[in-house]
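Asker: For the sequence shown, the numbering used here assigns the number 13 to the initial residue and increments by one for each residue that follows. Ideal placement from N, C-alpha and C gives every residue a C-beta, glycine not left out. Let me give you the structure first, and then I'll get to my questions.
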Amino acid sequence: MTMFVTISGRVGRNAEFKDIPLKDGSGSFEIAESSLAVTPTRDVTDWYGLKLQGDSLLKASEYVQKGQVLSVVGELTIETWLDDENNHRFKPVVLVKQLQLAAKSN
13 MTMFVTISGR
23 VGRNAEFKDI
33 PLKDGSGSFE
43 IAESSLAVTP
53 TRDVTDWYGL
63 KLQGDSLLKA
73 SEYVQKGQVL
83 SVVGELTIET
93 WLDDENNHRF
103 KPVVLVKQLQ
113 LAAKSN
């Protein structure tokens with residue numbers, strides 16, 4: 013099942029660009045990663061990883077900067093791993109399809 017979400021918040025860190033090798037070894041593709049802090053209530057901040065490719069990747073270098081207010085639409089996934097102490101860890105990640113900057117106020 014695919015779940016698409018729209019979330020808004022502040023960018024937690026500048027976009028970091030990476031070349032990811034293709035599984036078949038025939039080349040690589042570029043991806044940008046960042047994070048977004050979403051505060052649904054005063055006392056709680058939820059952090060989402062962001063992964064950008066394609067058109068949103070092109071915008072990432074210019075617009076995805078720490079502190080910027082941003083809205084994203086994309087596919088919600090959960091990344092899981094084992095930490096150093098063998099505990100299961102997870103984080104929500106949005107594979108960004110669209111991004112939009114918040115309007116600037118004067």
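1. Quick one: using the 10 Å Cβ neighbour count with 16 as the cut-off for buried, is Leu70 buried or exposed?
2. Just checking Leu62 against the ligand GDP - is the residue's beta carbon closer than 6 angstroms to any of the ligand's heavy atoms?
3. Taking the alpha carbon of Asp67 as the reference point, which residue from Gln112, Gln77, Pro52 has its own alpha carbon closest?
4. Using the three-state DSSP reduction, which class does Ser73 fall into: helix, strand or coil?
5. Kindly list the residues whose CB is nearer than 6 angstroms to the CB of Tyr60, restricted to its own chain and excluding five residues on each side of it in sequence; keep chain order.
6. Using a Cβ-Cβ cut-off of 8 angstroms (strictly less than) and excluding sequence neighbours within five positions of Thr79, which residues of its own chain qualify?
7. Taking the alpha carbon of Ala114 as the reference point, which residue from Val81, Leu88, Thr92 has its own alpha carbon closest?
Answerer: Taking the structure as given:
1. Counting from one through the sequence shown, the residue named residue 70 turns up at place 58. The C-beta of Leu70 has fewer than 16 other C-beta atoms within 10 Å across all chains shown, which makes the residue exposed.
2. The ligand GDP is absent from the structure shown, which contains no ligand whatsoever.
3. On the sequence shown, residue 67 is found 55 positions in, with the first residue counted as 1. Ranked by Cα distance from Asp67, the first of Gln112, Gln77, Pro52 is Gln112.
4. As a first step, residue 73 must be located in the sequence shown, where it is residue number 61. It is helical.
5. For the purposes of this step, residue 60 is taken as the residue at position 48 of the sequence shown. Excluding sequence neighbours, Tyr60 sits near Leu48, Pro104, Val106.
6. Looking up residue 79 in the sequence shown gives position 67. It should be pointed out that residue 79 corresponds to Gly in this sequence rather than to Thr. So the list reads Arg22, Val23, once near-sequence residues are dropped.
7. Residue 114 sits at position 102 when you count from the first residue of the sequence shown. It is Val81.
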